[in-house]
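Notes follow the structure.
Protein chains: 4
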Amino acid sequence: MMKKSVPSMVKDPQLVKKRREQMVKGAVRLFIEKGFHRTTTREIAKESGFSIGTLYEYIGSKEDVLYLVCDAIYEEVSRKLTKQLDSSLTGIERLQKAIASFFQVVDEMQDEVLVMYQEAKSLPKEALPYVLQKEHEMTAMIEAIIRDCVTEGVLSLSDDQIKLRAHNILVQGHMWTFRRWSIQKLFTLEQYTALQMEQLLASSR
Amino acid sequence: MMKKSVPSMVKDPQLVKKRREQMVKGAVRLFIEKGFHRTTTREIAKESGFSIGTLYEYIGSKEDVLYLVCDAIYEEVSRKLTKQLDSSLTGIERLQKAIASFFQVVDEMQDEVLVMYQEAKSLPKEALPYVLQKEHEMTAMIEAIIRDCVTEGVLSLSDDQIKLRAHNILVQGHMWTFRRWSIQKLFTLEQYTALQMEQLLASSR
Amino acid sequence: MMKKSVPSMVKDPQLVKKRREQMVKGAVRLFIEKGFHRTTTREIAKESGFSIGTLYEYIGSKEDVLYLVCDAIYEEVSRKLTKQLDSSLTGIERLQKAIASFFQVVDEMQDEVLVMYQEAKSLPKEALPYVLQKEHEMTAMIEAIIRDCVTEGVLSLSDDQIKLRAHNILVQGHMWTFRRWSIQKLFTLEQYTALQMEQLLASSR
Amino acid sequence: MMKKSVPSMVKDPQLVKKRREQMVKGAVRLFIEKGFHRTTTREIAKESGFSIGTLYEYIGSKEDVLYLVCDAIYEEVSRKLTKQLDSSLTGIERLQKAIASFFQVVDEMQDEVLVMYQEAKSLPKEALPYVLQKEHEMTAMIEAIIRDCVTEGVLSLSDDQIKLRAHNILVQGHMWTFRRWSIQKLFTLEQYTALQMEQLLASSR
DNA sequence: CATGAATGAGCATTCATTCAT
DNA sequence: AATGAATGAATGCTCATTCAT
Chain A
1 MMKKSVPSMV KDPQLVKKRR EQMVKGAVRL FIEKGFHRTT TREIAKESGF
51 SIGTLYEYIG SKEDVLYLVC DAIYEEVSRK LTKQLDSSLT GIERLQKAIA
101 SFFQVVDEMQ DEVLVMYQEA KSLPKEALPY VLQKEHEMTA MIEAIIRDCV
151 TEGVLSLSDD QIKLRAHNIL VQGHMWTFRR WSIQKLFTLE QYTALQMEQL
201 LASSR
Chain B
1 MMKKSVPSMV KDPQLVKKRR EQMVKGAVRL FIEKGFHRTT TREIAKESGF
51 SIGTLYEYIG SKEDVLYLVC DAIYEEVSRK LTKQLDSSLT GIERLQKAIA
101 SFFQVVDEMQ DEVLVMYQEA KSLPKEALPY VLQKEHEMTA MIEAIIRDCV
151 TEGVLSLSDD QIKLRAHNIL VQGHMWTFRR WSIQKLFTLE QYTALQMEQL
201 LASSR
Chain C
1 MMKKSVPSMV KDPQLVKKRR EQMVKGAVRL FIEKGFHRTT TREIAKESGF
51 SIGTLYEYIG SKEDVLYLVC DAIYEEVSRK LTKQLDSSLT GIERLQKAIA
101 SFFQVVDEMQ DEVLVMYQEA KSLPKEALPY VLQKEHEMTA MIEAIIRDCV
151 TEGVLSLSDD QIKLRAHNIL VQGHMWTFRR WSIQKLFTLE QYTALQMEQL
201 LASSR
Chain D
1 MMKKSVPSMV KDPQLVKKRR EQMVKGAVRL FIEKGFHRTT TREIAKESGF
51 SIGTLYEYIG SKEDVLYLVC DAIYEEVSRK LTKQLDSSLT GIERLQKAIA
101 SFFQVVDEMQ DEVLVMYQEA KSLPKEALPY VLQKEHEMTA MIEAIIRDCV
151 TEGVLSLSDD QIKLRAHNIL VQGHMWTFRR WSIQKLFTLE QYTALQMEQL
201 LASSR
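Protein chains in written order, with full-length UniProt numbering: chain A, 1 to 205; chain B, 1 to 205; chain C, 1 to 205; chain D, 1 to 205.
Written out as structure tokens, the structure is:
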């Protein structure tokens with residue numbers, strides 16, 4: 001699955017990368033504050049530190065900014081998660097570590113994750129497959145870890161159960177942000193993690 | 001918690017009710033199709049069967065339409081759910097029935113629930129407390145049913161666990177819609193319900 | 001050949017007609033002064049006596065204004081010409097009258113004719129067939145009058161010659177405007193008409 | 001009458017000449033395709049084979065490109081025509097040759113001539129006198145040939161008639177391009193030339 | 001000389017809202 | 001109460017031109 005390519009008038013890839021990073025940084029702040037639709041391209045340009053003309057040297061449309069933002073957030077979540085996971089744990093401990101790490105990453109990037117959740121529907125049509133793919137990869141990653149536990153015999157779950165739990169883990173990570181008005185009043189992240197883990201690791205069959 | 005009052009120039013409450021029902025019906029269809037921001041007030045008026053001038057006789061701003069829509073959706077979910085729950089079941093069975101009913105209602109109102117999820121952030125500021133309150137009521141309702149199980153001794157959960165499971169039930173209902181691109185490909189509603197129930201009803205302490 | 005239909009948000013045809021007349025009047029003045037491309041929609045709105053929003057209640061795009069302008073000019077040229085031609089002359093005299101009338105109409109509407117000549121290429125794609133049709137009708141009208149002369153035996157021309165002379169008459173009318181910087185310095189309209197007529201009526205075969 | 005001078009930052013006249021030739025070649029193609037206003041300076045630079053920065057080393061404004069283009073077209077028409085005319089014909093034959101040659105040159109350079117016709121109005125103010133001068137020279141050239149015929153006694157025309165016929169010849173050449181949608185469907189260039197010549201050479205007084 | 005990134009004034013168009021009828 | 005024409009601020013985007021490298 002190819003990344004959607006965002007058109008740029010500027011040739012130098014280094015510069016494109018740098019400017020887009022500025023842009024994403026500025027845009028995330030604005031999208032968090034007021035949402036994609038209420039943010040104007042001029043505001044994005046200003047917040048990014050350049051003019052409206054320059055903004056359009058690096059994107060083709062406002063929607064492209066949203067795509068860049070979502071892509072960057074995915075990338076960072078992946079990066080952070082991967083960093084946490086390179087430990088050489090096995091079995092249940094590895095899964096526990098994965099869940100805790102994921103929840104922690106979501107906690108660290110609350111606003112960003114929330115933006116992605118709320119604005120993904122405004123992504124340009126061509127970007128949708130790519131984003132779904134990213135979600136799928138994430139789910140598959142968790143799924144694999146769970147499956148290892150089953151293979152190792154430390155967890156007893158059917159294939160369907162494995163798949164669904166992977167989804168549940170993802171969503172329970174996300175809900176830490178999108179229900180924060182309630183959940184974060186009830187629990188600390190540690191409490192939340194412990195309580196959810198308890199259920200997620202319950203075996204069956 | 002008072003409902004946010006939506007201003008109307010029209011005095012006759014019967015008429016206001018009728019017109020707003022037309023409006024909500026039209027708006028829901030449009031919001032499902034293209035989202036709140038991409039829907040114009042003119043389109044809402046047309047779809048509702050009256051003129052743009054008339055639309056503004058019954059609301060104060062476009063956001064009010066969104067509020068009315070969200071409110072109506074909550075109302076219908078509540079209504080449908082209440083209808084399903086008036087059985088005289090007790091204990092685990094009552095909870096099972098509640099979960100299954102909730103999932104089923106969400107399934108019946110997929111598009112509507114999705115709209116609420118995706119557009120709630122655009123609600124007028126004053127409406128937020130009311131909406132959160134609604135969510136809270138819903139959670140509290142589920143919570144009460146779980147608590148009954150615990151009281152009856154058929155489930156062994158701490159207070160924190162009760163609260164979190166109520167949230168999980170809600171979110172697992174919602175995710176049937178917002179992750180449908182994946183989950184509904186893997187499971188039928190019945191399968192999904194059975195699999196989730198299994199975990200949700202697992203006891204502990 | 002159907003007229004291109006220009007979309008309007010306003011229902012009342014009377015009003016549409018009235019507003020579009022205002023619009024055409026304002027736009028012609030501006031197009032004469034600065035050309036189509038250098039005229040902004042805001043200027044058109046202002047010159048027409050209403051707001052930019054109102055302008056767009058009566059057209060779909062800036063190009064539509066140009067189409068409306070060209071159409072109105074054709075219409076007026078036709079109207080004026082028809083009015084002049086309803087005399088019951090025959091043979092050469094009728095042709096003479098037609099040529100003189102046409103030149104006179106072009107003279108009266110110099111600026112308008114020039115605008116049409118210079119901006120027609122910017123017309124919306126769908127309007128082109130209609131405009132060519134109009135030109136063709138005009139040519140056919142002249143052609144018919146020449147043909148009558150031939151039929152009556154007062155002029156001796158082949159079919160090709162008839163067709164070409166019709167074109168020549170049209171173009172010689174138009175060139176009174178688009179070469180005015182030179183021709184109108186050399187001749188009065190009467191002189192010009194007399195001199196051109198002389199050649200145009202020369203018989204042959 | 002001086003040529004309008006187009007400012008250049010570059011000193012070497014050879015280079016200026018070369019670059020401007022590239023520029024004109026590229027621009028003509030673009031102007032033919034989409035007109036002056038719809039062509040961007042970036043496109044002109046690209047089509048010319050150099051950067052936008054370089055483009056502005058050789059011109060002062062976009063309008064200058066149009067002027068250069070028009071000038072080049074005049075130049076080439078003149079050149080081609082002169083080449084055809086250096087025969088040592090006399091009298092009617094010389095005029096016939098001139099007309100046929102002119103029509104042929106116009107036919108060979110249809111697109112270019114059309115561009116000049118349609119975009120001349122967008123020329124920078126200061127360029128207008130020069131362009132009119134060019135037109136005048138052309139007319140004068142034809143005029144001289146006709147006058148020779150009169151002097152030689154092979155044609156009998158008043159001074160006014162001579163002047164007007166010169167204009168007619170020019171315009172009838174041009175109309176081969178700007179009415180091509182109709183005329184070129186009716187006639188081949190040879191037919192067209194023969195038919196027009198017939199009238200243009202008719203004597204009188 | 002050549003380059004191309006940066007600029008920002010300018011433009012067409014949209015749309016929530018008002019108000020006279 | 002209902003209508004729909006009018007409004008104009010706001011917005012996404014373009015493009016001629018400049019200037020540092």
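A virtual CB, placed ideally from N, CA and C, is assigned to each residue, including glycine.
Just so we're clear, the structure is a prediction, and the values are computed from it rather than from any experiment.
Rounded C-alpha distance that separates residue i from residue j
i	j	result
residue 31 of chain D	residue 39 of chain D	7 Å
residue 70 of chain A	residue 65 of chain C	42 Å
residue 29 of chain D	residue 111 of chain D	9 Å
residue 47 of chain A	residue 115 of chain A	17 Å
residue 55 of chain C	residue 45 of chain C	6 Å
residue 192 of chain D	residue 103 of chain D	9 Å
residue 147 of chain D	residue 190 of chain D	25 Å
residue 155 of chain A	residue 186 of chain B	21 Å
residue 142 of chain A	residue 166 of chain B	24 Å
residue 87 of chain D	residue 197 of chain D	19 Å
residue 138 of chain C	residue 99 of chain D	27 Å
residue 188 of chain A	residue 33 of chain A	24 Å
residue 129 of chain D	residue 178 of chain C	15 Å
residue 152 of chain C	residue 20 of chain D	59 Å
residue 184 of chain A	residue 158 of chain A	32 Å
residue 6 of chain D	residue 125 of chain D	13 Å
residue 16 of chain D	residue 41 of chain D	18 Å
residue 173 of chain D	residue 76 of chain C	29 Å
Boundaries of the alpha helix (DSSP H) in which residue i is found, first to last residue
i	result
residue 212 of chain D	Residue 212 of chain D lies beyond the range of chain D shown here (1 to 205); nothing can be said about it.
residue 52 of chain B	52 to 58
residue 182 of chain C	180 to 186
residue 201 of chain D	Counting along the chain, residue 201 of chain D falls outside any alpha helix (DSSP H), and DSSP gives it neither H nor E.
residue 158 of chain A	Unbroken run through residue 158 of chain A: none, as it is neither H nor E.
residue 11 of chain C	Segment: none, residue 11 of chain C is in no alpha helix (DSSP H) and carries neither H nor E.
residue 41 of chain B	41 to 48
C-beta atoms of residue i and residue j nearer than 8 Å
i	j	result
residue 67 of chain B	residue 18 of chain B	no
residue 206 of chain D	residue 106 of chain D	With chain D covering only 1 through 205, there is no way to say anything about residue 206 of chain D.
residue 10 of chain B	residue 57 of chain B	yes
residue 120 of chain A	residue 131 of chain A	yes
residue 149 of chain C	residue 60 of chain C	no
residue 195 of chain D	residue 133 of chain C	no
residue 63 of chain C	residue 122 of chain C	yes
residue 171 of chain C	residue 113 of chain D	no
residue 101 of chain C	residue 118 of chain C	no
residue 22 of chain A	residue 49 of chain A	yes
residue 199 of chain A	residue 202 of chain B	yes
residue 52 of chain A	residue 109 of chain A	no
residue 89 of chain A	residue 97 of chain A	yes
residue 37 of chain C	residue 37 of chain D	yes
Helix, strand or coil at residue i [DSSP, three-state]
i	result
residue 153 of chain B	coil
residue 35 of chain A	coil
residue 89 of chain B	coil
residue 6 of chain D	coil
residue 61 of chain B	coil
residue 109 of chain A	coil
Any non-hydrogen atom of the ligand MN within 7 Å of residue i CB
i	result
residue 130 of chain B	The ligand MN is not part of this structure, which contains no ligands at all.
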